[in-house]
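> Structure below; questions to follow.
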Amino acid sequence: MAEKDKKEDVKEAKPAAGGNNKLLLVVIVLLVLVLAAVGGLGAYVFLSNKSAAGADAGHAAAEHAPEKKEKKEGPPVFEKLEPFVVNLSGGSSMLQIELQAELYDEAAKNNMKAYLPKIRSALILLLSAKTEEELQSADGKIKLKAQIKKIINESMDAGEEEPVENVLFTSFIIQLQ
1 MAEKDKKEDV KEAKPAAGGN NKLLLVVIVL LVLVLAAVGG LGAYVFLSNK
51 SAAGADAGHA AAEHAPEKKE KKEGPPVFEK LEPFVVNLSG GSSMLQIELQ
101 AELYDEAAKN NMKAYLPKIR SALILLLSAK TEEELQSADG KIKLKAQIKK
151 IINESMDAGE EEPVENVLFT SFIIQLQ
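In terms of UniProt numbering, the sequence shown has 160 at position 160, counting the first letter as 1, and numbering is strictly consecutive.
Okay, structure coming up:
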C-alpha cells in the first residue's frame, strides 16, 4: 500500500510540475514587462531632468555647446566698411574693393565698430596676399568672401558665435598697372 501511495503522489506531482512551469513562465514575462516599463520611466525622468538642468545651468551649458541664435525678425543689419585699395601679390595689379557685412543684430554692429581697426588690418593682409589669378574667377571671389567673414568674426573675438552672417561685395575692381 505504501508503494501505491508513492505512485499516486508521483502522478499528482507531474501535473503540478507542468502547472508550475506555466506559472513560472507567466511570472518571468510579467517581470520582464515590469522591468522594461521601469527602465523606460527611468530614461524619461533622466532625460527630462537633464534638459531641465541644462536650462537651469545657463552659462555652463553655453560654454560647452553654443546654441544657435534664432533668426531675427525684420530687415537685415548691414555695416559698410570703408573701401580697400591694395597691391595684389606679384606687384602687377591693384585691387579696389568695397564690402558690407551682414550682421546678426544691432549689438553685433556696435561690436564690429569697436573692432574696425583690427578688422581692417587683418583684411589688408589677406587682400594683399591674393593674386590677380585667384580673384578673377567667381569661385575665387566666393572663397574670398568666406575668408573675409572668418577673419572679421575672429577679429571680433567672437569664438564659436558668428555675428557676421555674410559678406557682400558692393564694388570689386582689379586694375592692371
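Backbone N, C-alpha and C define an ideal beta-carbon position, used for all residues, glycine too.
Could you have a look at residue 129 and say whether DSSP puts it in helix, strand or coil?
As a working mapping, residue 129 is identified with position 129 in the sequence shown. It is coil, neither helix nor strand.
> Check whether the segment 115-133 touches the segment 147-154, counting contact only when three or more Cβ pairs, one atom from each stretch, lie closer than 8 Å.
Because the criterion of three Cβ pairs below 8 Å is met, the segment 115-133 and the segment 147-154 touch.
> Roughly how many angstroms lie between the CA atoms of residue 86 and residue 96, to the nearest whole one?
The residue you call residue 86 lines up with position 86 of the sequence shown. The residue you call residue 96 lines up with position 96 of the sequence shown. About 7 Å.
> Skipping 5 residues on each side, what residues in its chain have a beta carbon closer than 7 Å to that of residue 58?
Position 58 of the sequence shown, counted from the start, is the residue given in the question as residue 58. Note that residue 58 has pLDDT 48, beneath the 50 cutoff, so the model's placement of it is unreliable and the number below is only indicative. Closer than 7 Å at the Cβ level, and outside the excluded window around residue 58, lies no residue.
> With a threshold of 8 Å on Cβ separation, who are the neighbours of residue 64 within its own chain once the five nearest residues in sequence on each side are excluded?
Sequence index remark: in the sequence shown, residue 64 carries index 64 (1-based). Legend: pLDDT at residue 64 = 45, less than 50; position of this residue unreliable, value from coordinates given subsequently. Hits under 8 Å: none found.
> Suppose you measure from the CA of residue 167 to the CA of residue 48; what does that come to, to the nearest Å?
Within the sequence shown, numbered from 1, the residue matching residue 167 stands at position 167. Within the sequence shown, numbered from 1, the residue matching residue 48 stands at position 48. When rounded, the distance between both Cα atoms is 40 Å.
> Given residue 66, which residues of its chain have a CB within under 8 Å of its CB, disregarding the five upstream and five downstream residues?
Reading the sequence shown from its first residue, position 66 is the one you call residue 66. Low confidence applies to residue 66: its pLDDT is 45, below 50, so where it sits in the model is not reliable, and the reading given next is rough at best. Here the set comprises 159, 160, 161.
> In this structure, does DSSP put residue 48 in helix, strand or coil?
Numbered from 1 along the sequence shown, position 48 holds the residue referred to as residue 48. The answer is helix: DSSP assigns residue 48 an H, G or I state.
> List the residues that DSSP assigns as beta-bridge partners of residue 114.
Reading the sequence shown from its first residue, position 114 is the one you call residue 114. None; residue 114 has no bridge partner.
> How many Å lie between residue 137 and residue 89 at the Cα?
Taking the first residue of the sequence shown as position 1, residue 137 is located at position 137. Taking the first residue of the sequence shown as position 1, residue 89 is located at position 89. Taking the straight line joining both Cα atoms gives about 16 Å.
> Beta-carbon within less than 8 Å of residue 20's beta-carbon, same chain only, minus the 5 sequence neighbours each way: which residues are those?
The residue you call residue 20 lines up with position 20 of the sequence shown. There are no such residues.
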